[in-house]
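S.K.: As you go down the protein sequences, you meet chains A, B, C and D in turn.
1 is the number of the first residue of the first sequence in UniProt numbering; add one for each residue after it.
1 is the number of the first residue of the second sequence in UniProt numbering; add one for each residue after it.
1 is the number of the first residue of the third sequence in UniProt numbering; add one for each residue after it.
1 is the number of the first residue of the fourth sequence in UniProt numbering; add one for each residue after it.
Every residue, glycine too, gets a C-beta built ideally from N, C-alpha and C.
Would you mind keeping the following structure in view while I ask a few things?
4 protein chains.
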Amino acid sequence: MTKKKVVLAYSGGLDTSVAVQWLTEQGYAVVACCLDVGEGKDLDFIQQKALQVGAIESYVIDAKAEFAKDYALLALQARTLYEEKYPLISALSRPLIAKKLVEVAHKENAVAVAHGCTGKGNDQVRFEVGIKALDPTLEVIAPVREWSWSREEEIAYAKEHNIPVPIVLDSPYSIDQNLWGRSNECGILEDPWAAPPEDAYGLTSSIEEAPDQADIVEITFKQGVPVSLDGKAFELDQLILHLNELAGKHGVGRIDHVENRLVGIKSREVYECPGAMTLIKAHKELEDITLVKETAHFKPIVSQKLSELIYNGLWFSPLRSALEAFIKDTQQVVNGTVRVKLFKGHAIVEGRKSDNSLYDEKLATYTSDDEFDQAAAVGFIKLWGLPTEVHAAVNKQLVSTKA
Amino acid sequence: MTKKKVVLAYSGGLDTSVAVQWLTEQGYAVVACCLDVGEGKDLDFIQQKALQVGAIESYVIDAKAEFAKDYALLALQARTLYEEKYPLISALSRPLIAKKLVEVAHKENAVAVAHGCTGKGNDQVRFEVGIKALDPTLEVIAPVREWSWSREEEIAYAKEHNIPVPIVLDSPYSIDQNLWGRSNECGILEDPWAAPPEDAYGLTSSIEEAPDQADIVEITFKQGVPVSLDGKAFELDQLILHLNELAGKHGVGRIDHVENRLVGIKSREVYECPGAMTLIKAHKELEDITLVKETAHFKPIVSQKLSELIYNGLWFSPLRSALEAFIKDTQQVVNGTVRVKLFKGHAIVEGRKSDNSLYDEKLATYTSDDEFDQAAAVGFIKLWGLPTEVHAAVNKQLVSTKA
Amino acid sequence: MTKKKVVLAYSGGLDTSVAVQWLTEQGYAVVACCLDVGEGKDLDFIQQKALQVGAIESYVIDAKAEFAKDYALLALQARTLYEEKYPLISALSRPLIAKKLVEVAHKENAVAVAHGCTGKGNDQVRFEVGIKALDPTLEVIAPVREWSWSREEEIAYAKEHNIPVPIVLDSPYSIDQNLWGRSNECGILEDPWAAPPEDAYGLTSSIEEAPDQADIVEITFKQGVPVSLDGKAFELDQLILHLNELAGKHGVGRIDHVENRLVGIKSREVYECPGAMTLIKAHKELEDITLVKETAHFKPIVSQKLSELIYNGLWFSPLRSALEAFIKDTQQVVNGTVRVKLFKGHAIVEGRKSDNSLYDEKLATYTSDDEFDQAAAVGFIKLWGLPTEVHAAVNKQLVSTKA
Amino acid sequence: MTKKKVVLAYSGGLDTSVAVQWLTEQGYAVVACCLDVGEGKDLDFIQQKALQVGAIESYVIDAKAEFAKDYALLALQARTLYEEKYPLISALSRPLIAKKLVEVAHKENAVAVAHGCTGKGNDQVRFEVGIKALDPTLEVIAPVREWSWSREEEIAYAKEHNIPVPIVLDSPYSIDQNLWGRSNECGILEDPWAAPPEDAYGLTSSIEEAPDQADIVEITFKQGVPVSLDGKAFELDQLILHLNELAGKHGVGRIDHVENRLVGIKSREVYECPGAMTLIKAHKELEDITLVKETAHFKPIVSQKLSELIYNGLWFSPLRSALEAFIKDTQQVVNGTVRVKLFKGHAIVEGRKSDNSLYDEKLATYTSDDEFDQAAAVGFIKLWGLPTEVHAAVNKQLVSTKA
C-alpha cells in the first residue's frame, strides 16, 4: 500500500527540514515545494536539500512574475498599508504559496498540505484559509504548531535524524522576504523602546551610510502599472527588484511598526520596502493629478478594507475580488510619469505629469491667465454653508463656547 | 449720523491695507483686527499701520495659546491629514479668526465683517461659513473678490491713496503661516512637474543643508496632549514652536501636494510642518501601543471625515463636535513617551513606552517566556475562515482562475 | 442666417411650453425632446403639442428599457436609498435625460440645451453637471430659473402667447414619475407635521383600501437581475411596471421623507415605489443567503456613497463607474428565488432559496445533524476577546463604572 | 475545606437547572443568578427553583431600568440594526448580565462564572469576552458546551438527579427575550424557504389578526431619549414595555432574518421588536428634521460599526465608549414630538415637529413665501460639477458609451 502524500511548503531552513522527517514519521510521503517570490533563494540547493532530508519529491517554482503581476500590483494600486504603515509583504505572498501548494497537491494526488508556521502568527491563518478556500477536502497540517518543542528539543531531534543543523543557528531574528519587501521580528526587536540595531536590516542602507549624492529616477505608469524607469521598459518583477536595489542603496523604505495581529496580540516588526515604498509614493502623486476628488476621497476607504482583508488572510474571499474591481476601474486614467529623488532615506516626488492630468494651470493660477469664475464662489459658499448657518440660527444656545 | 462699522481681518499686507481704504469708500468705518496664531508677526507695527492706512480702530490679538489648545490639538489627536498629506494649517486657523472677528464685531457693534480672500481659494469659504455660523446677521464682505482688479490696478489705487506699496512687491509666492505650519502656493509652484525651489521654503532646512548629527528628543504625552520635551514641561503652543525650530533645523516636515480644493479645482501647494509632523508621527506610535485594534482601525475613518470637514470650512458644523467627542474619548489611554530621532528630513520614532501599553512581551515573544496559547489558534482559524471556505465549496466554479 | 438651436427637455406641461416661447424670443430655434422613462405619457400628444407651442422640431423617445437596464438596475443591486429612505427616482432618470438631450443636440447641431428646473431643487444640478460632463461646449439654459416670474406672471405670458393653460392649473403638488417610482412635493406636504392626504398618492392604494387577500409572488434573480415573476420571464422594464401594479394595489412602497437637498435645505417629499421597494426587499434577502459576511458588511458603505453620488448629480463622475464595478462583481452569486407576500402595505419575504446559498442547515442546526465543531469556539473566543481582555487588565481603572 | 464557588447565569429552564447539578458534581458550590431584563419572568419561582435543584444561593435581580437606560437607549439613539435588520436584542443584554454575574462573583468571592450557551452561537462570545474584560482572573465555564450531550442524554441525567423536566419539553424553538424584543430560532425556522408559522411569534399579532382601527401615538423625545407617550411621562423601561404592548397589538416589528453569526455561519432568526422598531422609526424622523446633513450622513457609518461591535461581543471594548461619545454628542438637538400611526404591522410616522427643527418652510417652499436665493444655485452648480466637467474634458475617450 502506498503512503498518503503531503505537500510541504519547504524553505530549506531547520523547521521545515525537521518537518519533512516528522511528517514521514506520521506516515506521510512528503513532497517538498519551494517558491521563489523574489527573496533570491538558491533554488537548486534547496531542491536537493529537501530530497536529502527525506522528501520523496522536491518542487521549486519561480513565481516572481506571477507574484508581481497578481499580488504586488494590487497592493501598489490600492496602496494597501495595514495600519497606515505595513505594505503587506508576507500577507501578499501567502495566498500565492497556498495556491501553488494546492496545485502541486492536485498533481501529486496528495491528501494533505503542510506549512511551517507557529500558532501565534498571522501566516498560519493566511495559509490555512487559503488552502481551505481552494480545496476544502485537503487536510492541513502545521507540524511546528503541533509538536510544540523547545528549540533544544527540535535540535536534538534534528541531530538524531541526521538533519543538518546550521552552525549559526541562533540568528536572533525571524525573517521573511519577497519582491515587495523584507520583514523582521523577534530578538531585541521585541522591546518596543529599543531602536532596531543595524543588523536587523538587510535590504537598505542606514541614512548615515546612504550616499551624499541623490539619484533621480523617472517612473512611468500605464493604467496604474509601473512600466518603465527613466524611459527603459521593465517587466514588473524586474522593475521592483531594480528599485529595491536603487532605493535600498539610499536607505528608502525602513518601517518600524508595533502592529495588531489578527490573533489578538500586538507585535513589533521591522520592515524594509525600498521598491514598494518608492512606487507607492510615486503612484499616489500620479493619482493626485489624475483622479477626481470624489474618487480620491473614497478610494482610501476601499484600500483600508482591502488592507485588512489581505492582512487577515482573506485573499480568497469574494470581497477581495469586488474591492479589486473597484481599484482596477480607477486605474484607467493613472497614466503618466513621476520624477522621484532618492536621497537619505527619502523617495521625494519632485514632479508629476500626465496626459490625463486634471490639474489645470488656467483654473489654478493666480496670474492673469486665470480662467476660473470667481463670481461663482459667492453662490457656492451660500449654499455650501446653509446647513451650518440654519443649524446655528436655530440652535443658538447650542453653539459651544469654544466654537 | 455715525457710519456703519466693518471689522476687517487685517494682515498688514497690501491687499488688506487697500481694503481698509476701499471699505471706507464704500461708506464703512473700518475696525482692523490682526491675530497672531504663531507666525511671529510684529503686532505693534501692524497695529499702527492699520491706523495709518485709515482704520478707525486697530485690534491685535495674541491667539497662539487658544489656537494650540482648541484647534491644533484636535488636528494632532485625530492626525488630520487632508488627502493623506496636508495637515490643515490654514484650515485650522480660519475658524479661530472668524470667531475673533465676530467677537470684535459684537464689541464694536459692527454690522459687517470683511476678509481679504480671493474667489478661488478655500479660505473664503472657511471665513464666511464660520462667520455666518457664529452670527448670521452679520454681513460678510470680500473686497478682493469684489473689486477684481489686476495687480497693476490695485497698485495704482494704493499709490493714489497713499497706501505704502512694498518695494519687493513681487514675491512670486502666496504664503500663510501659523504654529501648525507654513503653506506656500503660486509662482513656479503652479507647474507640478517643477521641483519647488529652495526659496519656496521658510521654516525648514533642505536635507542637503541639514546637520550631519541627529537630535534625539523624547516627547511625553498625557491623554494625547504633548506635555514635555526631554522631560521639560511646555505649554502646548510653546512646545510646538520649540519643535518647529528643532525639527525644522533637520529639514523635517516638507510636503509637496497637488490637492483638491473645495471649489472644484486642483492646486499645487508646498507645506512645511516640522513640529506638526514630528508630533503626528510620535502620536501615531504611542497610539499603536495603547489603543486596541478595533479603535485603531476605526479612528482613521473618523479622522478622514474630520479632515474633510475642517478643510471644507465646516469647523462650526455640529458634526465637528461629535467627531471631536469620539477623538477625545480615545485619548484617555494615550499616555507615555516616544523617542524621536530628527535627522536628514526624518522624524524617526525609535522607541515608545507607556504605562497603558497593550503590547505584552509575554504574549508576543517567541522565547520560552511565551504565555500565548497557541492551541487556541486552531479553533480560531477554523471559524475565522469558515465563510470563505463555505463560499468556495458552494461556488467552486466561481473561484477565479487567478485565485 | 439660421437661428441657433437649443434642445429643450420638454414635458408637455405649462413651464416647458412657456419655455419654448421664451427661448424663441431669446433668439433660439427650439427642438423639443420628450423622454418616456416609465411614467406612461401620451407621447403623440406631447410631440404635437411641442410643435403647436412653437418648437421647430419635436422628438419623443421611449427610453424605458434603457432606463431599467442601465440606471434602475444599479439602484436595485446597490439598494441605493438616500438617507436610508429615498430610492433615487428622479435622481436616476436625470442623467439618462441629459444623455439623450446631448445626443439630440449633436444630431441637430444645437449650441445649447435647456431644462425646466427651478433654482432650488436637485434636478438642475443633475441636468447641468450631466450635460457638462457629456459635452462641456454646450451652453445650458434654465428658463424657469432665469425668468423668475410669479405663477400669475407666467400665466399672463402664456395667455398672451396663445399657450394652452391647463384648466386645473393648481394641482398643489409637483410630481415626477418613472419606472422606479413617483415623487411628490409642495402644497400641504410642506408642513412636516401634517400627514400626507390621500390625493398626494397616485401609484398605490392606502393600507385601508388595500385588499384583504394577500398576493404571493416568486421573484427569480440571475446575477442580481430580476428575470421572472412566478416563473414567467419579463424584460426588466416590464417586470418593474408589472410589480408597480401588483404591489401598488397592496399599498406597498409609500415613503414620507424630510430629506437634505444638495443645495443646503431640507424638503419634505412623498414617494411611492411599489415595484422598487418590493425588488429591493427581495434582493436583500437573496444576498443575505448568497454573500459572505465580509461582502455583506462592506457593500452598504459602497451603496451609501453611490446613493449620495447619484443624488448629488454626479452620475457621470468616474467614481460612479468604480462603485458600479464593485457592485457588479458582487452580483455573480446573487442567483435564486425569493417568495414575497404582498399585503397591507408590506412586501414580506417569506422564503428564499438559491443554488449559491451559503446557509448550511448542517452547520446552523441545533438538531443531531449538527456538523459544526463547537470545540473550535473555545479557541476562537480566546483570541477574539484578547485585545479587550488585555486592555481591561492594563487599564483597570479606566473601565467605566457603567461598563 | 469550603468548596470553590461558581456564579451561574440561571434562567429556570432545563439546561441551566441541569448545569447546577453538573457544576456541583465538578466540585463547585453553585450560586444561581437570574436577571429580569424585561421578559416578564416569575422571579420568585425561579429563585426557589434554583435552590431546589441544588444551588447554595439564589439571586434574582430586576435590571430592567438599567438595561433600558444604559443599553437599549444607545441602541435606539444609534439605531443599531445589525445587517440593516436585527436590533441587537440579546446582544444588548449579554454585557449587562456579564456585569451582574461579575458583581455577584465579587460579592460571593466566587472563582468562576458559568453560562448556559452552546458552542455555536454568539452569546458564548458575548458572555466570555464581557466577563474577561471585567475580571480576567475569573474562570469561565460553559457546561452545555462542555458536556456535549444529546437531548436524550441530558433528560436522562436530569431524571436521574431529580431535576424537573418540563412536560412540553419539545418546544421546537429556542427563545430569548427582553425589553428590546424577542428572538426565536430553531425548528422549522431552520428552513429559510419556509415562512415562519404563527406559533413562532409571541409578542405581536399577525397582520391578519391586527385591529382594523389604527392607534395614533405621539412620542416625545428629549435629547434623543423618549420621555413621554401622548404627553404622559414614562420611565424608559416602562415606556418601551408600554409600546411593546401597543405596537405589538398592531403587529409591528416582526423581522425574519438570515444573518451572519460571528462564529462563521449563517442562521435564520425571527425577531419581534414592536416597541423598539416603533421608537427607531420615530427617532429617525426626528433626526431627519434636527440633524444637519453632514451629521446625518456620517452617523450611519458610526452606527454600523457600533452594531457590529455589540453583535460581536465587544461591548466592553474602548471603541464602544468612543462611538457612544459620538452618538451622545449628536443627541443634544434631538428634541421634539413624532406622531406615529400603528396599523397593520406598520409604525408610520405621519408628522414630526421640534423647536430644533432645521426644516425651514420659508427656504423649502415653492410658494411666494420663498426666501431661498435661487441665483446662488448657478455658482454652486458651476463649482460643484467642475471636477466631473474637467475630467470629462480631459478624458473624452474614457467616458463610457453608457455614460
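May I have a chain-ordered list of the beta strand (DSSP E) segments no shorter than 3 residues that lie completely inside the segment 284–362 of chain D?
M.R.: 336–343, 346–353
S.K.: Considering Cα atoms alone, identify which of D:221, D:114, D:15 is closest to residue 5 of chain D.
M.R.: Within the fourth sequence, numbered from 1, the residue matching residue 5 of chain D stands at position 5. Taking only the C-alpha atoms, the option nearest residue 5 of chain D is D:114.
S.K.: Tell me, to the nearest whole angstrom, how far the beta carbon of residue 202 of chain C is from that of residue 272 of chain C; I am working on the premise that it is less than 8 Å.
M.R.: One-based indexing of the third sequence puts residue 202 of chain C at position 202. One-based indexing of the third sequence puts residue 272 of chain C at position 272. Right, the Cβ-Cβ distance comes to about 7 Å (below 8 Å), so this counts as a contact.
S.K.: How about residue 140 of chain D: is its C-beta nearer than 9 Å to some C-beta of chain B?
M.R.: Position 140 of the fourth sequence, counted from the first residue, corresponds to residue 140 of chain D. False, the Cβ-Cβ gap to chain B never drops below 9 Å.
S.K.: Just to make sure I have the definition right: I need the residues of chain B whose C-beta is within less than 8 Å of the C-beta of residue 383 of chain C. Which are they?
M.R.: Here the question's residue 383 of chain C lines up with position 383 in the third sequence. Those within 8 Å of residue 383 of chain C in chain B are 376, 377, 380.
S.K.: From this set, A:200, A:236, A:178, A:179, which residue's C-alpha is nearest residue 185 of chain A's C-alpha?
M.R.: Walking along the first sequence from the start, residue 185 of chain A turns up at place 185. If we check each option's Cα against that of residue 185 of chain A, A:200 comes out closest.
S.K.: Give me, in chain order, the residues of the same chain whose beta-carbon lies closer than 8 Å to that of residue 257 of chain B; leave out the 5 immediate sequence neighbours on both sides.
M.R.: Start at 1 with the first residue of the second sequence, and residue 257 of chain B comes out as number 257. Contacts found: 83, 85, 86, 268, 269, 270, 271.
S.K.: What does a CB cutoff of less than 6 Å around residue 7 of chain A pick up in its chain, not counting 5 residues either side in sequence?
M.R.: For this step, residue 7 of chain A is matched to residue 7 along the first sequence. Cβ within range, chain order: 31, 33, 101, 104, 105, 110, 113.
S.K.: Could you say which of A:73, A:319, A:286 lies nearest to residue 302 of chain A if we only look at CA atoms?
M.R.: In the first sequence, the residue the question calls residue 302 of chain A occupies position 302. Of the candidates A:73, A:319, A:286, the one whose C-alpha sits nearest the C-alpha of residue 302 of chain A is A:319.
S.K.: Per the contact definition of three or more C-beta pairs closer than 8 Å, is the segment 201–218 of chain C in contact with the segment 240–252 of chain C?
M.R.: yes
S.K.: Is the beta carbon of residue 274 of chain D less than 9 Å from the beta carbon of residue 252 of chain D?
M.R.: Translated into positions along the fourth sequence, residue 274 of chain D becomes position 274. Translated into positions along the fourth sequence, residue 252 of chain D becomes position 252. Yes.
S.K.: Taking only beta-carbon positions, decide if residue 367 of chain B is within less than 9 Å of chain A.
M.R.: Indexing the second sequence from 1 puts residue 367 of chain B at position 367. It does; some Cβ of chain A falls within 9 Å.
S.K.: On a Cα-Cα basis, can you pick out the residue from D:354, D:386, D:17, D:137 that is closest to residue 120 of chain B?
M.R.: If you number the second sequence from 1, residue 120 of chain B lands on position 120. For the residues D:354, D:386, D:17, D:137, the minimum Cα distance to residue 120 of chain B belongs to D:386.
S.K.: For residue 387 of chain B, go through chain C and note every residue whose CB falls closer than 8 Å to its CB, in chain order.
M.R.: To locate residue 387 of chain B, count along the second sequence from 1; it is residue 387. Correct list: 292, 293, 294, 358.
S.K.: Would the segment 345–356 of chain D count as touching the segment 322–334 of chain B if we require 3 or more Cβ pairs under 8 Å?
M.R.: no
S.K.: In this structure, does DSSP put residue 21 of chain B in helix, strand or coil?
M.R.: Locating residue 21 of chain B in the second sequence gives position 21, where the first residue counts as 1. If DSSP states are grouped into helix, strand and coil, residue 21 of chain B belongs with the helices.
S.K.: Could you check which residue in A:62, A:47, A:45, A:26 has the C-alpha nearest to that of residue 38 of chain A?
M.R.: As a working mapping, residue 38 of chain A is identified with position 38 in the first sequence. Nearest option by C-alpha distance: A:62.
S.K.: Do you know whose CA, among D:207, D:240, D:208, lies nearest residue 220 of chain D's CA?
M.R.: Walking along the fourth sequence from the start, residue 220 of chain D turns up at place 220. In this structure, D:240 is the residue among D:207, D:240, D:208 with its C-alpha nearest to the C-alpha of residue 220 of chain D.
S.K.: Who are the near neighbours of residue 218 of chain A in its chain, counting only those whose CB is closer than 6 Å to its CB and skipping five residues on each side?
M.R.: What you label residue 218 of chain A is simply residue 218 of the first sequence in a count that begins at 1. For residue 218 of chain A, where only same-chain residues beyond five positions count, the Cβ hits under 6 Å are 230, 337, 339.
S.K.: When Cβ atoms are compared, which residues of the segment 297–317 of chain B fall closer than 7 Å to chain D?
M.R.: Here the close residues are 298, 301, 305, 309, 314, 317.
S.K.: Quick check on residue 133 of chain B: buried or exposed, where buried means 16 or more other Cβ atoms within 10 Å of its Cβ?
M.R.: Walking along the second sequence from the start, residue 133 of chain B turns up at place 133. With a threshold of 16 other beta carbon atoms within 10 Å, residue 133 of chain B meets it and is buried.
S.K.: Can you list, in chain order, the residues of its chain whose CB lies under 6 Å from that of residue 136 of chain A, leaving out five sequence neighbours each side?
M.R.: One-based indexing of the first sequence puts residue 136 of chain A at position 136. If the five residues before and after residue 136 of chain A are omitted, its C-beta is found closer than 6 Å to no C-beta atom of its own chain.
S.K.: How is the alpha helix (DSSP H) around residue 379 of chain C delimited, first residue to last?
M.R.: What you label residue 379 of chain C is simply residue 379 of the third sequence in a count that begins at 1. Unbroken alpha helix (DSSP H) run through residue 379 of chain C: 376–384.
S.K.: Pop quiz: residue 379 of chain A and residue 378 of chain D are said to be a contact at Cβ under 8 Å. What is the actual Cβ separation, rounded to whole angstroms?
M.R.: In the first sequence, the residue the question calls residue 379 of chain A occupies position 379. In the fourth sequence, the residue the question calls residue 378 of chain D occupies position 378. Under the criterion of beta carbons closer than 8 Å, residue 379 of chain A and residue 378 of chain D qualify as touching, at roughly 6 Å.
S.K.: Mind checking whether residue 11 of chain C and residue 56 of chain C have CB atoms under 9 Å apart?
M.R.: On the third sequence, position 11 is the one that residue 11 of chain C refers to. On the third sequence, position 56 is the one that residue 56 of chain C refers to. Taking the C-beta atoms as reference points, residue 56 of chain C is found no nearer than 9 Å to residue 11 of chain C.
S.K.: Could one say the Cβ of residue 106 of chain C lies closer than 9 Å to chain D's Cβ atoms, at least one of them?
M.R.: Taking the third sequence and counting its residues from 1, the one referred to as residue 106 of chain C is at position 106. Closer than 9 Å: no.
S.K.: If you draw a straight line from the alpha carbon of residue 254 of chain B to that of residue 291 of chain D, how long is it in whole angstroms?
M.R.: Taking the first residue of the second sequence as position 1, residue 254 of chain B is located at position 254. Taking the first residue of the fourth sequence as position 1, residue 291 of chain D is located at position 291. Using only the alpha carbons, I get a separation of about 39 Å.
S.K.: What does residue 363 of chain C touch in chain A if you count any residue whose Cβ is under 7 Å from its own?
M.R.: What you label residue 363 of chain C is simply residue 363 of the third sequence in a count that begins at 1. Under the 7 Å cutoff, chain A gives no residues; its nearest Cβ is about 13 Å from residue 363 of chain C.
S.K.: Is the distance from the Cβ of residue 76 of chain A to the Cβ of residue 280 of chain A below 9 Å?
M.R.: On the first sequence, residue 76 of chain A is found 76 positions in, with the first residue counted as 1. On the first sequence, residue 280 of chain A is found 280 positions in, with the first residue counted as 1. Yes, these two residues count as a Cβ contact at 9 Å.
S.K.: Can you tell me whether DSSP reads residue 222 of chain C as helix, strand or coil?
M.R.: Counting from 1 along the third sequence, the entry for residue 222 of chain C is found at position 222. If DSSP states are grouped into helix, strand and coil, residue 222 of chain C belongs with the strands.
S.K.: Does residue 390 of chain A get closer than 9 Å to chain D when you measure Cβ to Cβ?
M.R.: For the purposes of this step, residue 390 of chain A is taken as the residue at position 390 of the first sequence. Yes - at least one Cβ of chain D is within 9 Å of the one on residue 390 of chain A.
S.K.: Kindly indicate which three-state DSSP category residue 29 of chain D falls into: helix, strand or coil?
M.R.: Reading the fourth sequence from its first residue, position 29 is the one you call residue 29 of chain D. Correct three-state label for residue 29 of chain D: strand.
S.K.: Which bits of chain B does residue 135 of chain C rub up against, with CB to CB less than 9 Å?
M.R.: The residue labelled residue 135 of chain C in the question sits at position 135 within the third sequence. The contacting residues do not exist; residue 135 of chain C stays about 18 Å from chain B at best.
S.K.: Listed from N- to C-terminal order along the chain, which residues in the segment 150–183 of chain D have their beta-carbon within a distance smaller than 8 Å of any beta-carbon of chain B?
M.R.: none
S.K.: For residue 8 of chain A, list the residues DSSP reports as bridge partners.
M.R.: Taking the first residue of the first sequence as position 1, residue 8 of chain A is located at position 8. DSSP, once it has assigned bridges, lists A:32, A:114 as partnering residue 8 of chain A.
S.K.: Could you please tell me which residues of the segment 223–236 of chain B, in chain order, have their CB closer than 8 Å to any CB of chain A?
M.R.: none
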